[in-house]
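*Asks:* So for the sequence shown, my numbering puts the first residue at 4; every next one is plus one.
All residues carry an ideal CB built from backbone N, CA and C; glycine is no exception.
All values reported here derive from a predicted model rather than from experimental measurement.
Can you read through this structure? Questions will come right after.
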Amino acid sequence: MTICQSSLDYRLERVLGVLIQSTWFLYLSLSLVLAVDRLLIFSPINQALNTYIIVFLLILSWLFFALVTVVESLPGFGLTYATFLVWQHKKGSGPLVLFEVESYVDPCTLIVILAIYLLVVGRLIMIKLSSTGYSVSLKLELRILLSAVISFIYEFFLVTLNFWNPIHFEDSKYLYICLNIMWMIDSGIFAMVTFMVNGSVRKKLREILCGKKHKVMVLYVT
4 MTICQSSLDY
14 RLERVLGVLI
24 QSTWFLYLSL
34 SLVLAVDRLL
44 IFSPINQALN
54 TYIIVFLLIL
64 SWLFFALVTV
74 VESLPGFGLT
84 YATFLVWQHK
94 KGSGPLVLFE
104 VESYVDPCTL
114 IVILAIYLLV
124 VGRLIMIKLS
134 STGYSVSLKL
144 ELRILLSAVI
154 SFIYEFFLVT
164 LNFWNPIHFE
174 DSKYLYICLN
184 IMWMIDSGIF
194 AMVTFMVNGS
204 VRKKLREILC
214 GKKHKVMVLY
224 VT
């Protein structure tokens with residue numbers, strides 16, 4: 004059911020439900036791989052081995068995406084828009100098990116990602132304090148830490164609200180509206196935080212939108 008009081012076609016609802024669930028797990032997997040990649044940059048492991056590790060993790064992420072897609076496509080599984088306001092797992096023992104598993108997998112994955120970023124910041128601080136000749140700005144450490152913490156707090160609260168509903172709403176429809184808005188914001192939360200804390204990114208975006216000004220030097224010959 005939409006705002007215009009029109010129902011989704013069954014096949015469209017089925018496809019969208021599978022894509023929503025599988026791409027969410029793909030997002031979590033790729034976020035974890037990105038965190039590991041940043042950690043390996045400052046590790047003493049050989050660069051070639053680092054590349055093999057990341058490629059292997061990327062392959063696992065996409066295989067996991069394919070597995071979730073297949074499972075959610077099975078009869079009785081998948082997400083449904085039956086409440087007319089939010090996507091939910093279908094009723095049944097199978098979807099209930101997946102719901103219970105996801106309620107722990109999601110927050111645990113977010114905690115692991117935050118822990119890895121904290122290790123990255125700690126490694127940067129160690130490099131800065133060492134006498135190896137590396138030059139690392141404290142601003143870089145703070146930007147990474149701030150982006151990771153803000154993204155973690157937002158997404159951890161979102162998945163907690165989605166699975167355990169710690170905040171009491173007098174009417175469940177307000178909860179569903181809140182979840183829908185938060186899910187839409189979540190798709191760009193990391194990019195927004197990076198944009199806010201990174202001056203060079205803001206500068207490049209201004210140059211793209213407003214056009215880069217070029218200085219022209221004019222020489223007068225007499």
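1) What's the C-alpha gap between Ile-48 and Trp-167?
2) Can you give the beta carbon distance from Ile-147 to Val-196, rounded, assuming they're within the 8 Å contact cut?
3) Is it true that the CB of Val-36 sits closer than 8 Å to the CB of Ile-62?
4) Need the endpoints of the alpha helix (DSSP H) that Ile-56 sits in, please.
5) So Leu-149 and Val-200 are in contact, right, with Cβ under 8 Å, and what is the actual spacing, rounded?
6) In angstroms with no decimal places, state the Cα-to-Cα distance between Glu-105 and Phe-80.
7) Suppose the cutoff is 7 Å on Cβ atoms and the five residues either side in sequence are ignored; what does the same chain contact list for Arg-17 look like?
8) Please report the straight-line C-alpha distance between Asp-189 and Ser-133, rounded to a whole angstrom.
9) Need the endpoints of the alpha helix (DSSP H) that Asp-40 sits in, please.
10) Three Cβ pairs or more, each shorter than 8 Å: is that satisfied between the segment 93 to 111 and the segment 38 to 46?
11) Ala-194: which of Lys-94, Pro-78, Phe-68 and Leu-208 sits nearest, CA to CA?
12) When you compare the CB positions of Pro-110 and Thr-26, do they come within less than 8 Å of one another, or not?
13) Taking Asn-183 as part of the alpha helix (DSSP H), name the residues at either end of that continuous run.
14) Roughly how many angstroms separate the alpha carbons of Gly-136 and Met-129, rounded to a whole number?
15) Leu-88 by DSSP, collapsed to three states: which one?
16) In terms of residue numbering, what span does the alpha helix (DSSP H) encompassing Pro-47 cover?
17) Are Leu-113 and Glu-158 close, meaning C-beta to C-beta below 8 Å?
*Replies:* According to the data block:
1) Looking at the two C-alpha atoms, the distance is approximately 41 Å.
2) Contact between Ile-147 and Val-196 fails: their C-beta atoms lie close to 11 Å from each other, not under 8 Å.
3) For Ile-62 and Val-36, no; Cβs fall outside 8 Å.
4) Start and end: 50 to 76.
5) With a Cβ gap of about 5 Å, Leu-149 and Val-200 count as contacting.
6) The C-alpha of Glu-105 lies about 14 Å from the C-alpha of Phe-80.
7) Contacts found: Gly-81.
8) Approximately 37 Å, taken between the alpha carbons.
9) Note, Asp-40: alpha helix (DSSP H), 13 to 44.
10) Verdict: no, contact absent.
11) Nearest of Lys-94, Pro-78, Phe-68 and Leu-208 to Ala-194, Cα basis: Leu-208.
12) Contact: no.
13) It spans 175 to 189 - the alpha helix (DSSP H) in which Asn-183 sits, taken as one unbroken run.
14) Per-residue confidence for Gly-136 stands at a pLDDT of 49, beneath the threshold of 50, marking its modelled position as unreliable; the derived number appears in the next sentence. Their Cα atoms are separated by approximately 12 Å.
15) In this structure, Leu-88 counts as coil in the three-state DSSP scheme.
16) For Pro-47, no alpha helix (DSSP H) encloses it, and the DSSP letter there is neither H nor E.
17) The beta carbons of Leu-113 and Glu-158 sit closer together than 8 Å.
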